[in-house]
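Peer 1: The sequence shown begins at 1 in UniProt numbering and counts up one residue at a time.
Where a beta carbon is used, it is the ideal one built from N, C-alpha and C, also for glycine.
Starting off with a structure, shown below.
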Amino acid sequence: NGGGMNGTSTMMDFLEEPLPGVGTYEDFNTIDWVREKSRDRDRHREITSRSKESTWALIHSVSDAFSGWLLMLLIGLLAGSLAGLIDISAHWMTDLKEGVCLAGFWFNHEHCCWKSNTTFTDRDKCPEWKSWSQLILGHGEGAFAYILNYFMYVIWALLFSLLAVLLVKGFAPYACGSGIPEIKTILSGFIIRGYLGKWTLIIKTITLVLAVSSGLSLGKEGPLVHVACCCGNILCHLFTKYRKNEAKRREVLSAAAAAGVSVAFGAPIGGVLFSLEEVSYYFPLKTLWRSFFAALVAAFTLRSINPFGNSRLVLFYVEFHMPWHLLELVPFILLGIFGGLWGAFFIRSNIAWCRRRKTTKLGKYPVLEVFVVTAITAILAFPNEYTRMSTSELISELFNDCGILDSSKLCEYVNDFNSTKGDDLPDRAAGPGVYTAMWQLALALIMKVFITIFTFGMKVPSGLFIPSMAVGAIAGRLLGVAVEQLAYYHHDWAIFSGWCSQGADCITPGLYAMVGAAACLGGVTRMTVSLVVIMFELTGGLEYIVPLMAAAMTSKWVADAIGREGIYDAHIRLNGYPFLEAKEEFSHKTLAMDVMRPRRNDPPLTVITQDSMTVEDVETIINETTYSGYPVVVSRESQRLVGFVLRRDLIISIENARKKQDGIVSTSVIYFTDHSPPLPPSSPSMLKLRSILDLSPFTVTDQTPMEIVVDIFRKLGLRQCLVTHNGKLLGIITKKDVLKHIAQLANQDPDSILFN
């Protein structure tokens, strides 16, 4: 416009059409849940009103309503397919450390021997499968053959782990670790760009296979949740309502997390409960049903791709022939105590090691760390058959109830079949094989307890579910065999006389292993209901829910008595993520004025006035501060609050106005009002930015108890809250301020909170 027009005519609302980037968020910032939900409601109202105008608009409305279910279907199919690929590849590469199949190098040991005519007891010694010593030397017996197999096992393990860490370091640094602490933080509203991107998905899928195959003390179950969430995030871009709304996208990611647990354990119900109990921040009812649908689709897709692997309907199917007795709750509770103690010990030790890794030179050499830990693990694992086998196979064997045809050393009892009825075997005296297995399992327990501490958190994909279950399963099997032998030799004791007579099948060591696995997993993660349901779906043992719940609750109580945080919450705090735990209560008697900024003797709060600051003034404020947003007031003198404007929206709006709107210069006045007074003819054009102004920011008075403020932040997912006194702006409280205040009251380092 020319300079001869009055102020009203030269005033243009540059943002009548939304600009690209306005309303989005910068990396390592928290989303505004209230704004995102409000946008979605406005979008839904517009679609609903337009659906009455034409047939095409009605079709669009129906497709919008069903797009969520279609997205769940796609997530389930993709997550299940990738999990099947990972499962098949990991089985093959794990067996590759010990030998190769002559019938086809792509067969793992089990598949290689399917068509073999060997007997049941020699089913693992089929002629089609050759160990490396048999392939190279022509025989598998003798010291040299053992040394060669040992050497090949270690070399393959090192090759797999080094390839994994180099791929992570070179292409996708976010592909390391479990991923659950970050996903939990992202679902609470935090932005970590690239964490759920396509490169992370590709590299995590490849390196997860390599890391599991290397024999490190880790599992693929936690990383599969990360993989499924990557699938959900990428597929969100196909649908506008999920691509453009961060709150809606997090509903999808909650469902994707459920699908991830479903493919990890074959537990759709447990997956939904895990997402609800452990990782999700916002979980409406419709998300519950969509999560269950995605979990079911993922589980059945996995089963279709790999019907004979660990993706069958239950991962560790058990068939115990005797029910448990009420008195057995005592050893089950003891296992719960062990699980709680192990969980607390592991969390403290692992966090201390990870903190040392971050603060010393150790963190600068991730490849060397992986090399050393893999070498130690492989060298210690090979001599012991229970550490040499994959952890999933170990757990399956420990859960097993010995039958007549079982050839495992765990089932080498002194046989007495006179009282055998069908598949039910009486409690018998342990034979030499059982005692040998007990010593090997005790050594395996010691190794797993300590090596897992150093493995979790390395720069390779690493899950904690299966290693924790293995520790508990070993401890449970050891205790189960001990109780079994005690009952056999002392059946006349008062504690056994009423229900365990001589020659009866009373004690089931496999059940103790299952309960121990649940106890240790609960002690580390602090899961309760979802853990019991996952264990039920894992094993198919519905009648053992009470022992599982007793052990899970005991382990949680014991671990909570030592330290309140589970492993994922501890890693969130270690990384300084702004996660506000919804389950913890704030009981301190502090006020908003004690937490708000500016504090006493601080510089005054940086504000923008509604109609008296130029473009240059605002750009100076932006350049001199790093705040994510600024309060807008009537004037500096009155400090009457008008609204709140985000830094990112200001930058994008001013940059676009300078490029595309005539007459916008450094001396142009920025207006956040509906109307402006007439200006002299020589004045430059004005810039109206009212449309990016939040006219209803959340405010509290300076006398509001912090208990209420914390509740507001938790339940509404706020980024910041403005503090007023008699209507005048006093200060601001951000999510970071709340977290620092909570940390300070808990005698923790408030500076550990790195992000807002």
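Going by beta carbon distance, what residues of the same chain come within less than 8 Å of His-139, once the five residues before and after it are set aside?
Peer 2: Ser-133 and Ala-145
Peer 1: Helix, strand or coil for Ser-131, going by three-state DSSP, please let me know.
Peer 2: Three-state DSSP puts Ser-131 in a strand.
Peer 1: DSSP state of Ala-430, grouped into three classes?
Peer 2: strand
Peer 1: Tell me whether Ser-666 is buried or exposed, calling it buried when 16 or more other Cβ atoms sit within 10 Å of its Cβ.
Peer 2: exposed
Peer 1: What residue does the beta strand (DSSP E) around Lys-728 start on, and which one ends it?
Peer 2: 728 to 734
Peer 1: Report the residue ranges of all beta strand (DSSP E) runs contained in full by the UniProt domain "CBS" (596 to 660); include only those spanning at least 3 residues, in chain order.
Peer 2: 629 to 633 and 641 to 646
Peer 1: Between Glu-512 and Gly-476, which are expected to be in contact by the criterion C-beta below 8 Å, what is the C-beta distance as a whole number of angstroms?
Peer 2: Reading the sequence as shown, one finds Tyr at residue 512 and not Glu. Indeed, because the Cβ distance is near 4 Å, the residues count as touching under 8 Å.
Peer 1: Could you pull the start and end residues of the beta strand (DSSP E) that Val-700 belongs to?
Peer 2: 699 to 701
Peer 1: Assuming Ala-378 and Gly-219 make a contact with CB atoms under 8 Å, what is their CB distance in whole Å?
Peer 2: Contact doesn't hold; Cβ gap of about 17 Å is too wide.
Peer 1: So does Ala-743 have its beta carbon nearer than 7 Å to some heavy atom of the ligand FMN?
Peer 2: Because no ligand of any kind appears in the structure shown, any question about the ligand FMN cannot be addressed here.
Peer 1: How close, in whole Å, do the beta carbons of Val-607 and Leu-650 come, if the pair is a contact with beta carbons under 8 Å?
Peer 2: Not confirmed; about 13 Å, so no contact.
Peer 1: Using C-beta distances below 7 Å, list every residue in its chain close to Cys-229, excluding the 5 sequence neighbours before and after it, in chain order.
Peer 2: In its chain, beyond the 5 residues on either side, Ile-183, Leu-196, Leu-253, Ala-256, Ala-257 and Gly-260 have a beta carbon closer than 7 Å to the beta carbon of Cys-229.
Peer 1: Leaving aside the five residues before and after Lys-286 along the sequence, list all residues of the same chain whose C-beta is less than 6 Å from its C-beta, in chain order.
Peer 2: none
Peer 1: In or out: Pro-366 buried (at least 16 other Cβ within 10 Å) or exposed?
Peer 2: Counting Cβ neighbours within 10 Å, Pro-366 comes out buried, since at least 16 surround it.
Peer 1: Would you call Asp-594 buried or exposed, if buried means 16 or more other Cβ atoms sit within 10 Å of its Cβ?
Peer 2: exposed
Peer 1: Which residue marks the beginning of the alpha helix (DSSP H) containing residue 762, and which one marks its end?
Peer 2: The requested residue 762 does not occur in the structure, where the chain is confined to residues 1 to 756.
Peer 1: Could you tell me if Asp-342 is buried or exposed, where buried requires 16 or more neighbouring beta carbons within 10 angstroms of its beta carbon?
Peer 2: Per the sequence presented here, residue 342 reads as Trp, with Asp not at that position. Classification of Trp-342: buried, given that the 10 Å Cβ count is 16 or more.
Peer 1: Is the beta carbon of Ser-161 closer than 8 Å to that of Asn-149?
Peer 2: no
Peer 1: So, for Leu-478: in the same chain, excluding its five sequence neighbours on each side, which residues have a beta-carbon less than 7 Å away from its beta-carbon?
Peer 2: Met-438, Leu-441 and Ala-442
Peer 1: The alpha helix (DSSP H) that contains Cys-230, what's its start and end?
Peer 2: 221 to 236
Peer 1: Please report the distance separating the alpha-carbon of Leu-208 from that of Val-165.
Peer 2: When only Cα atoms are considered, Leu-208 and Val-165 end up about 10 Å apart.
Peer 1: Quick check: the Cα distance between His-109 and Ile-395, rounded to an integer number of angstroms?
Peer 2: 18 Å
Peer 1: My output table needs one value for Pro-268: the three-state DSSP class, helix, strand or coil.
Peer 2: helix
Peer 1: In the structure shown, what three-state DSSP assignment does Cys-520 receive?
Peer 2: In the structure shown, Cys-520 sits in a helix (DSSP, three-state: H, G or I).
Peer 1: Label Asn-418 either buried or exposed according to how many other C-beta atoms from any shown protein chain fall within 10 Å of its C-beta, with 16 as the threshold for buried.
Peer 2: Low local confidence applies: a pLDDT of 47 at Asn-418 is under 50, so the model's placement there is unreliable, and no value is given.
Peer 1: Going residue by residue through the stretch 74 to 157, where are the continuous beta strand (DSSP E) segments of at least 3 residues, counting only ones entirely within it?
Peer 2: 99 to 101 and 129 to 131
Peer 1: Let's see if you can read the secondary structure: which residues bound the alpha helix (DSSP H) around Tyr-242?
Peer 2: 240 to 243
Peer 1: Measuring CA to CA, which of Lys-364, Val-460, Ala-470 and Met-686 is closest to Glu-393?
Peer 2: Ala-470
Peer 1: Helix, strand or coil, according to DSSP, for Phe-450 in the structure here?
Peer 2: helix
Peer 1: Starting from Tyr-671, trace the beta strand (DSSP E) in both directions and tell me its first and last residue.
Peer 2: 669 to 671
Peer 1: CA-CA distance, Ala-267 and Met-553?
Peer 2: 20 Å
Peer 1: Can you have a look at Gln-748 and say buried or exposed, based on whether 16 or more other CB atoms are within 10 angstroms of its CB?
Peer 2: exposed
Peer 1: Please identify the residue among Lys-244, Thr-185 and Glu-246 whose C-alpha is closest to the C-alpha of His-226.
Peer 2: Measuring from the Cα of His-226, the nearest candidate turns out to be Thr-185.
Peer 1: With a cut-off of 8 Å, do at least 3 Cβ pairs link the stretch 653 to 664 to the stretch 624 to 637?
Peer 2: no
Peer 1: In the structure shown, what three-state DSSP assignment does Lys-740 receive?
Peer 2: helix
Peer 1: Which residues mark the beginning and the end of the beta strand (DSSP E) in which Met-686 is found?
Peer 2: 686 to 688
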